[in-house]
Structures are given as C-alpha cells and as structure tokens.
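A.B. asks: One structure is given below, represented as structure tokens, and several questions about it will come after.
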Amino acid sequence: MECEICGKPISENPKRTKIDGSVMAVCDECAKFGRIQKAPPKPKFQKKSKNAKNKKTKKPRREEPEEELIENYNEIVRRKRESNNWTREQLGKKINEKVSVINRIESGKMVPDTKLIKKLEKTLDIELLEKYNTDDLRQYVGKSESGLKLGSIVKIKRK
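If you read the sequence shown in this note's numbering, its first letter stands for residue 104, the second for the next number, and so on.
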C-alpha cells in the first residue's frame with residue numbers, strides 16, 4: 104500500500120488521517136498534516152437476510168466529466184450579454200432564472216451547474232465548457248507505477 108499524499112510505501116498498518124476534511128491512508132511522515140482517526144468500531148450484531156448471499160449489487164462507477172467550465176466564464180457571459188444590449192433582467196427572463204443568479208454568475212461568486220451552463224451557451228451563443236484530456240495530468244506522475252498521488256500535484260502548506 105502507498106501513501107495517498109506522497110506515494111511512499113506504507114507498512115502493514117497505515118495511519119488513517121483526516122486532512123482538510125478528507126480521511127486518507129498516509130505514512131507516518133504525512134500523518135502530521137492532519138488528525139489521526141480512530142478505527143471505526145465494529146458492529147456487535149449484523150442482520151443477515153436470507154437473500155444477502157445471492158444478491159451482490161455493484162454500484163455503477165461515476166464517470167468523471169470530460170468537460171469543465173472555462174476559467175473566465177463570468178467575463179464572457181457579461182461581455183456577450185452587453186454586446187447583445189440585454190439587461191440582466193432580460194437575460195434572466197430568456198433563460199428562466201432570477202436576476203440574482205445572473206448577478207452572481209457575472210461577478211464570479213457562483214459557479215453554474217451543467218444545466219444552467221447549457222442554457223447560457225444556447226441563449227448567448229457562446230461556449231463555456233471545454234473538453235479536457237486526462238493525459239494532461241500524467242505529466243505530474245513521477246516514477247510511481249501506481250499512478251497519480253495528491254502530493255504530485257498540490258503544494259502542501261507548512262503551518
């Protein structure tokens with residue numbers, strides 16, 4: 104097993120550490136960045152149903168999105184709205200959204216969901232989603248054979 108932050112091999116018992124709200128299996132060195140978690144208590148009694156052995160349901164794995172919102176989406180929406188000589192109220196009516204939503208999008212305080220992005224793209228005739236390639240992340244992978252680790256991409260702040 105490897106550390107989920109630095110990728111170093113971990114001995115038999117990795118430290119389960121909560122770092123910024125995420126519980127990860129890390130090495131002793133990376134465990135100091137968070138709080139070590141206790142092992143969850145094992146339930147004393149488990150209900151066994153008659154069909155539990157026969158039914159093995161697999162949850163479908165969520166696919167990662169292949170498109171992401173471009174960085175300066177708020178400026179593009181505002182510029183296109185202004186070039187069409189529309190007020191925020193008019194744009195809100197066209198896409199059936201409140202003016203406050205348009206205000207927050209244009210100020211960059213709100214990241215629109217995919218449905219709203221599609222409405223904006225269609226109404227304003229712009230492209231806000233860009234395809235990304237997972238191969239771009241491969242440049243960060245070092246000699247680790249198991250793949251990408253968190254420490255390969257982010258810079259860890261020292262307190």
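Beta carbons are placed, not taken as given, at the ideal position from N, Cα and C, and that holds for glycine.
For clarity, every value in this text was computed on a predicted model and none was experimentally measured.
Quick one: does residue 224 have its CB under 8 Å from some CB of chain D?
C.D. replies: Absence of chain D from the displayed structure is noted, only one protein chain being present.
A.B. asks: Using DSSP with H/G/I as helix, E/B as strand and the rest coil, what is residue 246?
C.D. replies: Summary for residue 246: the model assigns pLDDT 48, below 50, so the residue's position carries little reliability; its value from the coordinates is reported in the next sentence. Looking at residue 246 - three-state DSSP - the assignment turns out to be coil, as it is neither helix nor strand.
A.B. asks: Roughly how far, in whole angstroms, is the beta-carbon of residue 227 from the beta-carbon of residue 183, given that I think they are within contact range, below 8 Å?
C.D. replies: With 8 Å as the limit, residue 227 and residue 183 qualify as a contact, their Cβ atoms being about 4 Å apart.
A.B. asks: Residue 176: which of 122, 219, 257 sits nearest, CA to CA?
C.D. replies: Among 122, 219, 257, the Cα nearest to that of residue 176 belongs to 219.
A.B. asks: To which residues of the same chain is residue 181 closer than 7 Å at the C-beta, ignoring the five residues directly before and after it?
C.D. replies: Cβ neighbours of residue 181 beyond the five flanking positions: 209.
A.B. asks: Could you give the DSSP three-state label for residue 134: helix, strand or coil?
C.D. replies: Looking at residue 134 - three-state DSSP - the assignment turns out to be helix.
A.B. asks: Find out if the Cβ-Cβ distance for the pair residue 235, residue 185 is shorter than 8 Å.
C.D. replies: No, Cβ-Cβ distance for residue 235 and residue 185 is not below 8 Å.
A.B. asks: Between which two residues does the alpha helix (DSSP H) containing residue 203 stretch?
C.D. replies: 202-210 is the extent of the alpha helix (DSSP H) around residue 203.
A.B. asks: By DSSP, does residue 180 sit in helix, in strand, or in coil?
C.D. replies: Looking at residue 180 - three-state DSSP - the assignment turns out to be helix.
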